[in-house]
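As given, the protein sequences belong to chains A and B, one line each in that order.
Everything in the first sequence is counted per the numbering used here, starting at 55 for the first residue and increasing by one.
Everything in the second sequence is counted per the numbering used here, starting at 556 for the first residue and increasing by one.
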Amino acid sequence: MNFRVAREFIENVKQKALGQGVLKSLTPGQQMVGIVHQELIVLMGEQAVELSLAPAPPTILMLVGLQGSGKTTASGKLARLLRGRGHHPLLVAADVYRPAAIQQLQILGQTISVPVFTIDGSRDPVTICTVAVERARNAGQDVVILDTAGRLHIDDEMMDELTRIKEAVEPHETLLVVDGMTGQDAVNVADTFNQRIGIDGSILTKLDGDARGGAALSIRSVTHKPIKFIGVGEKLDALEPFHPERMASRILG
Amino acid sequence: IRRYDKIDDDLLDEIEAILLQTDVGVDTTTKIIEGLRARTVEERTKDPSAIYELLRHEMVQILTTHSSPPPSLDQHRPHVIMVVGVNGTGKTTTIGKMADRYRRDGKKVLVAAADTFRAAAIDQLAVWATRAEVDLIRHQPGADPAAVAFDALQAAVARNIDVLIIDTAGRLHTKTNLMEELKKIKRILGKQIPGVPHETLIVLDATTGQNAISQATLFNQALDGLTGIVLTKLDGTAKGGIVLAISDRLSIPVRMIGVGETIDDLQDFDARSFVEALFT
Ligand SMILES: Nc1nc2c(ncn2[C@@H]2O[C@H](COP(=O)(O)OP(=O)(O)OP(=O)(O)O)[C@@H](O)[C@H]2O)c(=O)[nH]1
Ligand SMILES: Nc1nc2c(ncn2[C@@H]2O[C@H](COP(=O)(O)OP(=O)(O)OP(=O)(O)O)[C@@H](O)[C@H]2O)c(=O)[nH]1
Ligand SMILES: [Mg+2]
Ligand SMILES: [Mg+2]
């Protein structure tokens with residue numbers, strides 16, 4: 055977690071610890087860990103919050119984030135999850151930059167029998183997303199998942215592109231996909247994405263390794279938006295809802 | 556005297572904050588701060604800019620002490636480079652950039668698509684090979700990565716290739732079976748031609764925090780010695796300070812840095828400018 059976030063956190067813990075008397079059954083150390091654990095859970099949003107659906111279909115989900123964070127894979131995972139719940143998702147290949155990005159999403163779509171929308175030869179993600187949503191409405195696809203290109207939060211043109219996509223299709227949820235191993239930079243990234251385009255939640259990926267996942271705390275405390283899912287593997291079934299208490303235990307190691 | 560101490564302490568606090576913010580990590584930061592404290596006492600340095608200069612010098616030392624110069628290409632042919640690392644760090648893109656560089660330097664380059672697992676990984680490298688104007692060895696998706704590597708090395712010898720670069724699938728360092736797969740690739744190569752691969756580079760994402768230490772440690776162990784690090788995505792806001800901890804503990808030098816997504820966005824590592832960038 056970001057060390058400024060940590061300092062603030064430590065201050066809260068100190069306050070709680072001083073405010074509480076000593077419980078007879080626990081050692082001060084155990085009690086301290088308990089307080090820290092509780093504080094972490096509170097900080098991370100006490101209970102799991104999941105995807106909300108739009109009042110009228112299609113529900114549009116837009117996945118955004120830095121390069122390589124796991125957006126394309128997460129798009130496939132969400133599509134699989136929603137299909138399993140009886141929805142008819144449409145995956146949209148809005149990354150026109152990365153070599154073979156469209157093929158990558160198409161292969162994932164094939165794996166889970168979910169259609170993937172593309173416009174052959176188009177270099178305009180705004181058009182791709184707009185036409186995709188229109189197509190979904192006509193075809194009765196009730197969830198549209200927009201897989202966007204990885205980009206830097208400090209790249210004005212690319213952040214602008216996201217704003218334009220958002221204005222064009224008005225996604226119900228904008229989800230920030232963050233690599234679970236991200237260090238101090240998590241705060242800058244989450245804050246900037248939230249300030250510039252607004253996010254409704256995030257997905258923390260690659261937590262099947264030994265990364266503590268402190269980025270979860272940073273993201274949550276700076277955006278005040280919930281972490282909705284975690285990625286726990288490369289396969290499309292490796293997506294779990296985010297549980298604050300489990301994350302707290304993990305961060306505390 | 557008291558006043559001097561106070562200034563010194565505030566300055567050290569400021570420096571500590573900066574180091575922690577750039578992912579240098581607690582242990583290495585403490586070591587640097589203590590080293591700095593000792594030197595400022597012995598040199599009686601008061602001036603903040605002099606202290607900062609001592610600090611930068613110390614950090615450059617950490618980054619360069621154990622690093623030998625990169626291997627020269629005319630020792631053997633083909634010169635084989637194996638590229639490894641966890642998922643999404645920029646291996647495939649970096650290989651595209653490296654291939655182009657060697658080709659422009661007049662070398663005959665071959666790249667091998669040994670990521671036979673991830674969706675469209677081979678297609679992705681194929682695009683980069685075309686951009687870099689180099690040949691590509693590929694099998695079908697799902698093929699044995701060791702077989703691709705073997706095939707590529709044979710082709711490199713047959714075609715008088717100067718540099719062979721092998722792309723591998725991203726994998727988490729904690730996945731034993733995947734690390735075994737990587738060991739197998741290395742073993743197969745070494746059996747074919749002793750000493751191959753001549754370089755084993757780990758690609759680290761500058762946005763990665765302390766986990767990079769675990770990554771470097773385990774890849775280093777599994778592959779019996781990483782020869783270098785490529786630190787990518789330094790064009791973002793992350794500073795990649797974690798390489799200080801890695802240099803300090805494992806003595807693996809940073810060879811190159813990735814500063815963008817286009818073919819020219821690869822630079823040789825310069826310890827001094829890297830350290831200066833940590834403070835901006
Ligand atoms: N182990 C593990 N790997 C993951 C997870 N999520 C994604 N990956 C891998 O991370 C790498 C990057 O995933 P992508 O889905 O291509 O990431 P991306 O954000 O779409 O990348 P760009 O489009 O280039 O920005 C791939 O090798 C994925 O298989 C996860 O939860 N666990
Ligand atoms: N901004 C920036 N992006 C980079 C850099 N290097 C790679 N990328 C991007 O990071 C993403 C992942 O790059 P890849 O080359 O697919 O990474 P990889 O390590 O091969 O990924 P896997 O094979 O899935 O493990 C792509 O969107 C690249 O364009 C860099 O130096 N700067
Ligand atoms: Mg993608
Ligand atoms: Mg790759």
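Every residue gets a Cβ at the ideal spot worked out from N, C-alpha and C, and that includes glycine.
- [ ] Flag this pair as yes or no: are the beta carbons of Asn-66(A) and Val-241(A) separated by less than 8 Å?
- [x] The count along the first sequence starts at 1 and reaches residue 66(A) at position 12. The count along the first sequence starts at 1 and reaches residue 241(A) at position 187. In this structure, Val-241(A) does not lie closer than 8 Å to Asn-66(A) by Cβ.
Task: Coarse secondary structure for Leu-293(A), derived from DSSP in three states - done: Reading the first sequence from its first residue, position 239 is the one you call residue 293(A). Three-state DSSP puts Leu-293(A) in a strand.
Task: C-beta contact flag for Ala-667(B) and Leu-719(B) at 8 Å - done: Numbered from 1 along the second sequence, position 112 holds the residue referred to as residue 667(B). Numbered from 1 along the second sequence, position 164 holds the residue referred to as residue 719(B). Cβ distance < 8 Å, so Ala-667(B) and Leu-719(B) count as in contact.
- [ ] Measure from the C-beta of His-835(B) to each C-beta in chain A and report whether the shortest distance is under 8 Å.
- [x] Locating residue 835(B) in the second sequence gives position 280, counting from the first residue. For clarity, residue 835(B) is Thr in the given sequence; the question names His instead. False, the Cβ-Cβ gap to chain A never drops below 8 Å.
Task: Interfacial residues, the region 246-260 of chain A to chain B, with Cβ spacing under 7 Å - done: Lys-260
Open item on the list: Rounded to whole angstroms, what is the Cα-Cα separation between Leu-144(A) and Thr-246(A)?
Closed with: Looking up residue 144(A) in the first sequence gives position 90. Looking up residue 246(A) in the first sequence gives position 192. If you draw a straight line from the Cα of Leu-144(A) to the Cα of Thr-246(A), it is about 28 Å long.
Task: Within 8 Å, strictly: CB atoms of Ser-606(B) and Leu-591(B) - done: Numbered from its first residue, the second sequence carries residue 606(B) at position 51. Numbered from its first residue, the second sequence carries residue 591(B) at position 36. The sequence shown places Ile at residue 606(B), rather than the Ser named in the question. Yes, these two residues count as a Cβ contact at 8 Å.
Open item on the list: Residues of chain A with CB closer than 9 Å to the CB of Asp-582(B), please, in chain order.
Closed with: Position 27 of the second sequence, counted from the start, is the residue given in the question as residue 582(B). By Cβ distance, chain A contributes nothing, its closest Cβ being about 14 Å from Asp-582(B), past 9 Å.
- [ ] Would you check if the distance between the CB atom of Ser-123(A) and the CB atom of Asp-233(A) is smaller than 8 Å?
- [x] To locate residue 123(A), count along the first sequence from 1; it is residue 69. To locate residue 233(A), count along the first sequence from 1; it is residue 179. Yes. Within cutoff.
Task: Cα-Cα separation, Ile-253(A) to Tyr-657(B) - done: Residue mapping note: residue 253(A) aligns to position 199 of the first sequence, counting from 1. Residue mapping note: residue 657(B) aligns to position 102 of the second sequence, counting from 1. So the two alpha carbons sit approximately 42 Å from each other.
TODO: Taking 8 Å as the threshold, find out whether the region 702-714 of chain B comes into contact with the region 171-184 of chain A through three or more Cβ pairs.
DONE: no
Task: Residue burial classification, Asp-565(B) (beta-carbon count within 10 angstroms, cutoff 16) - done: Against the second sequence, residue 565(B) aligns to sequence position 10. Exposed.
Task: Contacts that Val-682(B) makes with chain A (C-beta to C-beta distance below 7 Å) - done: Along the second sequence, read from residue 1 onward, the residue named residue 682(B) stands at position 127. Here the neighbours are Pro-153 and Ala-154.
Open item on the list: Between the alpha carbons of Thr-671(B) and Lys-738(B), how many angstroms are there, rounded?
Closed with: Position 116 of the second sequence, counted from the first residue, corresponds to residue 671(B). Position 183 of the second sequence, counted from the first residue, corresponds to residue 738(B). C-alpha separation (whole angstroms): 16 Å.
TODO: Return no unless some Cβ of chain A is closer than 8 Å to the Cβ of Gln-822(B).
DONE: Position 267 of the second sequence holds residue 822(B). Judged by the 8 Å Cβ criterion, Gln-822(B) is not in contact with chain A.
Open item on the list: Against chain A, does Ile-784(B) count as a neighbour if the rule is that its beta carbon must be under 8 Å from one of theirs?
Closed with: As a position in the second sequence, residue 784(B) is number 229, starting the count at 1. So no, Ile-784(B) is outside the interface.
Task: Below-8 Å beta-carbon distance, Met-301(A) vs any chain B residue - done: What you label residue 301(A) is simply residue 247 of the first sequence in a count that begins at 1. No, Met-301(A) does not count as interfacial toward chain B.
- [ ] Could you check which residue in Leu-805(B), Lys-601(B), Pro-752(B) and Ile-812(B) has the C-alpha nearest to that of Lys-794(B)?
- [x] Taking the second sequence and counting its residues from 1, the one referred to as residue 794(B) is at position 239. The option with the nearest alpha carbon to Lys-794(B) is Ile-812(B).
TODO: Measuring alpha carbon to alpha carbon, tell me which of Lys-663(B), Val-689(B), Val-664(B) and Arg-693(B) ends up nearest Ala-676(B).
DONE: Counting from 1 along the second sequence, the entry for residue 676(B) is found at position 121. Of the candidates Lys-663(B), Val-689(B), Val-664(B) and Arg-693(B), the one whose C-alpha sits nearest the C-alpha of Ala-676(B) is Arg-693(B).
Task: C-beta neighbour in chain A for Val-727(B), strict 8 Å - done: Taking the first residue of the second sequence as 1, we reach residue 727(B) at position 172. Sequence check: residue 727(B) is Leu here, not Val. Cβ-Cβ to chain A under 8 Å: yes for Leu-727(B).
TODO: Name the residue from Gln-121(A), Leu-120(A), Arg-134(A) and His-141(A) whose alpha carbon lies nearest to the alpha carbon of Thr-113(A).
DONE: Residue mapping note: residue 113(A) aligns to position 59 of the first sequence, counting from 1. Comparing Cα-Cα distances from Thr-113(A) to each of Gln-121(A), Leu-120(A), Arg-134(A) and His-141(A), the minimum goes to His-141(A).
Open item on the list: Considering only heavy atoms of ligand 6, does any lie closer than 7 Å to the CB of Arg-304(A)?
Closed with: This structure does not include ligand 6; its bound ligands are ligand 1, ligand 2, ligand 3 and ligand 4.
Open item on the list: Tell me which residue opens and which closes the alpha helix (DSSP H) that His-753(B) is part of.
Closed with: Locating residue 753(B) in the second sequence gives position 198, counting from the first residue. For His-753(B), there is no enclosing alpha helix (DSSP H), as DSSP marks it with neither H nor E.
Task: Short Cβ contact (8 Å threshold) for Val-198(A) with Ser-176(A) - done: Taking the first residue of the first sequence as 1, we reach residue 198(A) at position 144. Taking the first residue of the first sequence as 1, we reach residue 176(A) at position 122. Not closer than 8 Å, so no.
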